[in-house]
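Chemist: Here you go, one structure.
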Amino acid sequence: MMLRRNKIWVRGLLIIALIGLLIGMLHRLTIPAASQQPDLFDTVWETVNDNFYDPEFNGVDWAAIGEEYRPQVAAASSQQEKATLINEMLGALDTSHTHFYTPDEPAYYQLLGIFYPRVSDFQTRLEARFPEGKLEYADIGIVTREKAGKTFITGIFKGSPADQAGLKVGDQILGVDGEPFHPIQSFLGKAEQPVSLQVQSSLNASSQKEITITPKLYDGITMFLDVMDDSVEVIEKAGKKIGYVHIWSYAGDQYQEKLEQELLYGRLSKADALVLDLRDGWGGAPLTALNLYTARGPSLTSIGRDRARVTHHSQWKKPVVMLVNGGSRSAKEVLAYGFQQYDIGPVVGTTTAGAVTAGRAFIMPDDSLLYVAVADVYVDETVRLEGVGVTPDDVVPFPIEYAQGSDPQKERAIATAITVLNTPVSQR
Numbered sequence: 001m002m003l004r005r006n007k008i009w010v011r012g013l014l015i016i017a018l019i020g021l022l023i024g025m026l027h028r029l030t031i032p033a034a035s036q037q038p039d040l041f042d043t044v045w046e047t048v049n050d051n052f053y054d055p056e057f058n059g060v061d062w063a064a065i066g067e068e069y070r071p072q073v074a075a076a077s078s079q080q081e082k083a084t085l086i087n088e089m090l091g092a093l094d095t096s097h098t099h100f101y102t103p104d105e106p107a108y109y110q111l112l113g114i115f116y117p118r119v120s121d122f123q124t125r126l127e128a129r130f131p132e133g134k135l136e137y138a139d140i141g142i143v144t145r146e147k148a149g150k151t152f153i154t155g156i157f158k159g160s161p162a163d164q165a166g167l168k169v170g171d172q173i174l175g176v177d178g179e180p181f182h183p184i185q186s187f188l189g190k191a192e193q194p195v196s197l198q199v200q201s202s203l204n205a206s207s208q209k210e211i212t213i214t215p216k217l218y219d220g221i222t223m224f225l226d227v228m229d230d231s232v233e234v235i236e237k238a239g240k241k242i243g244y245v246h247i248w249s250y251a252g253d254q255y256q257e258k259l260e261q262e263l264l265y266g267r268l269s270k271a272d273a274l275v276l277d278l279r280d281g282w283g284g285a286p287l288t289a290l291n292l293y294t295a296r297g298p299s300l301t302s303i304g305r306d307r308a309r310v311t312h313h314s315q316w317k318k319p320v321v322m323l324v325n326g327g328s329r330s331a332k333e334v335l336a337y338g339f340q341q342y343d344i345g346p347v348v349g350t351t352t353a354g355a356v357t358a359g360r361a362f363i364m365p366d367d368s369l370l371y372v373a374v375a376d377v378y379v380d381e382t383v384r385l386e387g388v389g390v391t392p393d394d395v396v397p398f399p400i401e402y403a404q405g406s407d408p409q410k411e412r413a414i415a416t417a418i419t420v421l422n423t424p425v426s427q428r
């Protein structure tokens, strides 16, 4: 009898935390002792063989794939070449949350930052690499993408060295200190030291310029809460106050707690509407994330001696617009699905990643990180978003190359929020 695939179902407004799902099984992770470390390739292959959610491996002959790639990885002349080949092999499974990460990429520190605080075995195994328990790497606070052999900035953390130096989304990075750009190696050992960044801001080569910029250390555990905090702003336009926040990662209760604090009591509490930016970054979300917009509950009004009235709400009752793109993945996509299904607010941007399985991280013998999809995920019992994603209500393309800092998706979301505010409540 063929084994059934593992399924995780989500009903109604319960929004699954694809990272949090796995906390219960994390304590069972086993990591080889240094004296018993097996071959890297064999460990990767066997870990996938034992843990991948589909016993049929998505229609792939996993044993044959292993035999095909084993000699290639053994003959690889560098760790980077090994990583590339391993990811080619994993790519044959055509499944999200299935990837091999090395310390030579920011995603290693960022993904590790999700699991590291929760798994004592990770902390023990990586103590030599991170003796102070900080998953730090030097960076200037950018997200990049390769296209046709060119490197473009696709995201900039608010308040980062890149932001302060005037870099723009869409800038092409030509080099750092006269060498080709590498997201880790270009800044390795250079935190708090000025470097020279060569960029080009348009198709015209005359737009090339050199910028002096000082990298800083980012900690994979705390960085996304910090950049979320820095992103908060209130935009005044057309007589309205539009609150904005960018949640780069939703993988932890701290992000929802921060959002609720800002909306109900903090900088966004006086805004007329909210633009919730879930573009790019990492997924994860608490089960009750949408309750902030949908749950019913009483307000509380306090009246002091001066008879001034202060009313507190436990929900956000004002309009909200969600921003997504092809980098919105995992539980962020489930949130976008919920926004549409329960008429919470318009979703603006481009179709999400279609990366909705549950992933589990494994430390490999060389401290690299293997992410494996260990469970399939369905919402409302029958809807599978993996490989499909969520198409926004308002599709707004965003050509990144040489965008010169423009953000048509954010501008459309703000305009949409204003339109909603100007529409009578009975007609919304």
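In the UniProt record's numbering, the protein residues as written are 1 to 428.
The beta carbon of each residue, even a glycine, is placed where N, CA and C say it ideally should be.
1) Going along the chain, which residues of its own chain have a beta-carbon closer than 6 Å to the beta-carbon of G24, five neighbours each way excluded?
2) In chain order, what residues of the same chain have a beta carbon less than 8 Å from the beta carbon of R129, not counting five sequence neighbours either side?
3) Report yes or no: do the stretch 390-410 and the stretch 92-103 share at least 3 C-beta pairs separated by less than 8 Å?
4) Return the CA-CA distance between R70 and I86, expressed in angstroms with no decimal places.
5) Does the separation of the CB atoms of T47 and L369 fall below 8 Å?
6) CA-CA distance, S426 and K82?
7) For E68, which option in M89, T84, P183 and S78 has the closest C-alpha, if you only look at C-alpha atoms?
8) Once you ignore the five residues that flank E260 on each side, which residues in its own chain have a CB closer than 8 Å to its CB?
9) In whole angstroms, give me the CA-to-CA distance for V320 and P131.
10) Would you tell me roughly how many angstroms separate the C-alpha atoms of A238 and I418, rounded to the nearest one?
11) DSSP on K241, reduced to helix/strand/coil?
12) So, is the C-beta of A289 closer than 8 Å to a C-beta in chain D?
13) DSSP beta-bridge partners for E146?
14) Kindly list the residues whose CB is nearer than 7 Å to the CB of S226, restricted to its own chain and excluding five residues on each side of it in sequence; keep chain order.
15) Over the uninterrupted alpha helix (DSSP H) stretch that includes L40, give me the two end residues.
16) Quick one, are the C-beta atoms of A375 and A361 less than 8 Å apart?
17) Quick one: what does DSSP say K317 is sitting in, helix, strand or coil?
18) Which residue's Cα is closest to the Cα of G91: T124, A415 and F57?
19) I want to know whether the stretch 157-171 touches the stretch 180-188 - three or more CB-CB distances under 8 Å.
20) Decide if N204 is buried, meaning its Cβ has at least 16 other Cβ atoms within 10 Å, or exposed.
21) How far does the beta strand (DSSP E) with K332 in it extend, from its first residue to its last?
22) Measuring CA to CA, which of K332, Q404, L278 and R428 is closest to V379?
23) Helix, strand or coil: which one does DSSP assign to T30?
24) Looking only at its own chain, which residues have a Cβ that is under 8 Å from the Cβ of F398, when we skip the five neighbours before and after it?
25) L404 by DSSP, collapsed to three states: which one?
26) Would a C-beta distance cut-off of 8 Å place V245 and D280 closer than the cut-off?
27) Per DSSP, which residues does I211 bridge with? Please list them.
28) Looking at the structure shown, is L225 part of a helix, part of a strand, or coil, going by DSSP?
29) State the CB to CB distance for the pair A273 and G243, rounded to an integer number of angstroms; the pair is presumed to be in contact (CB under 8 Å).
30) Report the option in V356, K258, E210 and P215 whose CA atom is closest to the CA atom of S231.
31) Just checking my contact of L290 with I344 at CB under 8 Å: how many whole Å lie between their CB atoms?
32) How many whole angstroms separate the CB atoms of T151 and Q172, which I take to be in contact at a CB cut-off of 8 Å?
33) Report buried or exposed for T352, applying the criterion of at least 16 other Cβ atoms within 10 angstroms of its Cβ.
34) By a C-beta neighbour count over all protein chains shown, 10 Å radius and 16 as the cutoff for buried, is S120 buried or exposed?
35) Classify T416 as helix, strand or coil using the three-state DSSP reduction.
36) By Cβ distance, which residues of its chain are closer than 6 Å to H97, with the 5 residues on each side in sequence left out?
Modeler: According to the structure data:
1) As a position in the sequence shown, residue 24 is number 24, starting the count at 1. Low local confidence applies: a pLDDT of 43 at G24 is under 50, so the model's placement there is unreliable, and no value is given.
2) In the sequence shown, residue 129 corresponds to position 129, counting from 1. Apart from the 5 residues on each side of it in sequence, R129 sits with its Cβ closer than 8 Å to the Cβ of P103 and D367 in its chain, given in chain order.
3) Contact between the stretch 390-410 and the stretch 92-103 is not established, with fewer than three Cβ pairs separated by less than 8 Å.
4) Locating residue 70 in the sequence shown gives position 70, where the first residue counts as 1. Locating residue 86 in the sequence shown gives position 86, where the first residue counts as 1. Spanning the two alpha carbons is a distance of roughly 9 Å.
5) As a working note, residue 47 is residue 47 in the sequence shown. As a working note, residue 369 is residue 369 in the sequence shown. Inclusion of T47 and L369 in the CB contact set at 8 Å is not warranted, their separation being larger than that value.
6) Within the sequence shown, numbered from 1, the residue matching residue 426 stands at position 426. Within the sequence shown, numbered from 1, the residue matching residue 82 stands at position 82. Taking the straight line joining both Cα atoms gives about 59 Å.
7) For the purposes of this step, residue 68 is taken as the residue at position 68 of the sequence shown. When each option's Cα is compared against that of E68, the closest is M89.
8) By one-based count along the sequence shown, residue 260 stands at place 260. Annotation for E260: L292 place their beta carbon closer than 8 Å to its own, counting only its chain and skipping 5 residues before and after.
9) The count along the sequence shown starts at 1 and reaches residue 320 at position 320. The count along the sequence shown starts at 1 and reaches residue 131 at position 131. The alpha-carbon separation between V320 and P131 amounts to approximately 43 Å.
10) Within the sequence shown, numbered from 1, the residue matching residue 238 stands at position 238. Within the sequence shown, numbered from 1, the residue matching residue 418 stands at position 418. If you take the alpha carbons of A238 and I418, they lie about 8 Å apart.
11) Along the sequence shown, one-based indexing puts residue 241 at 241. Strand.
12) Looking at the structure shown, chain D is missing, and only one protein chain is on hand.
13) Your numbering for residue 146 matches position 146 in the sequence shown. Looking at the DSSP output, E146 shares a beta bridge with T151.
14) One-based indexing of the sequence shown puts residue 226 at position 226. Looking at the sequence shown, residue 226 is not Ser but Asp. There are no such residues.
15) Within the sequence shown, numbered from 1, the residue matching residue 40 stands at position 40. DSSP places L40 inside the alpha helix (DSSP H), whose first and last residues are L40 to N51.
16) Looking up residue 375 in the sequence shown gives position 375. Looking up residue 361 in the sequence shown gives position 361. When the beta-carbon positions are compared, A375 and A361 stay at least 8 Å from each other.
17) The count along the sequence shown starts at 1 and reaches residue 317 at position 317. In the three-state DSSP reduction, K317 falls in the coil class, being neither helix nor strand.
18) Taking the first residue of the sequence shown as position 1, residue 91 is located at position 91. Taking only the C-alpha atoms, the option nearest G91 is F57.
19) The stretch 157-171 and the stretch 180-188 do not touch, with fewer than 3 CB-CB distances between them shorter than 8 Å.
20) Residue numbering aside, residue 204 sits at position 204 when the sequence shown is read from its first letter. N204 comes out exposed.
21) Taking the first residue of the sequence shown as 1, we reach residue 332 at position 332. Taken as a continuous stretch (DSSP letters only), K332 belongs to no beta strand (DSSP E), being part of the alpha helix (DSSP H) at A331 to Q341.
22) Along the sequence shown, one-based indexing puts residue 379 at 379. Closest by alpha carbon: K332.
23) Residue 30 sits at position 30 when you count from the first residue of the sequence shown. No answer about T30 holds up, because its pLDDT of 42 lies below 50 and its placement is not dependable.
24) Indexing the sequence shown from 1 puts residue 398 at position 398. These residues qualify, in order along the chain: N325, G349, T350, D407, P408 and Q409.
25) Start at 1 with the first residue of the sequence shown, and residue 404 comes out as number 404. Note that residue 404 is Gln in the sequence shown, not Leu. If DSSP states are grouped into helix, strand and coil, Q404 belongs with coil.
26) Looking up residue 245 in the sequence shown gives position 245. Looking up residue 280 in the sequence shown gives position 280. Their beta carbons are not under 8 Å apart, which means V245 does not touch D280 by this criterion.
27) For this step, residue 211 is matched to residue 211 along the sequence shown. DSSP links I211 through a beta bridge to L197.
28) Here the question's residue 225 lines up with position 225 in the sequence shown. Judged by DSSP in its simplified three-state form, L225 adopts helix.
29) For the purposes of this step, residue 273 is taken as the residue at position 273 of the sequence shown. For the purposes of this step, residue 243 is taken as the residue at position 243 of the sequence shown. Taking a contact as a CB-CB distance under 8 Å, the pair A273 and G243 counts as one, their CB atoms being some 7 Å apart.
30) Mapped onto the sequence shown, residue 231 falls at position 231. Among V356, K258, E210 and P215, the Cα nearest to that of S231 belongs to K258.
31) As a working mapping, residue 290 is identified with position 290 in the sequence shown. As a working mapping, residue 344 is identified with position 344 in the sequence shown. Their Cβ separation, rounded to whole angstroms, is 7 Å, which keeps L290 and I344 in contact under 8 Å.
32) In the sequence shown, residue 151 corresponds to position 151, counting from 1. In the sequence shown, residue 172 corresponds to position 172, counting from 1. 7 Å between Cβ atoms; contact.
33) The count along the sequence shown starts at 1 and reaches residue 352 at position 352. Flag for T352 reads buried.
34) Position 120 of the sequence shown, counting from 1, holds the residue named residue 120. If you draw a 10 Å sphere on the C-beta of S120, you find fewer than 16 other C-beta atoms in it, and that means exposed.
35) The count along the sequence shown starts at 1 and reaches residue 416 at position 416. Three-state DSSP puts T416 in a helix.
36) Numbered from its first residue, the sequence shown carries residue 97 at position 97. Answer for H97: T357, G359, Y371 and A373, listed in chain order.
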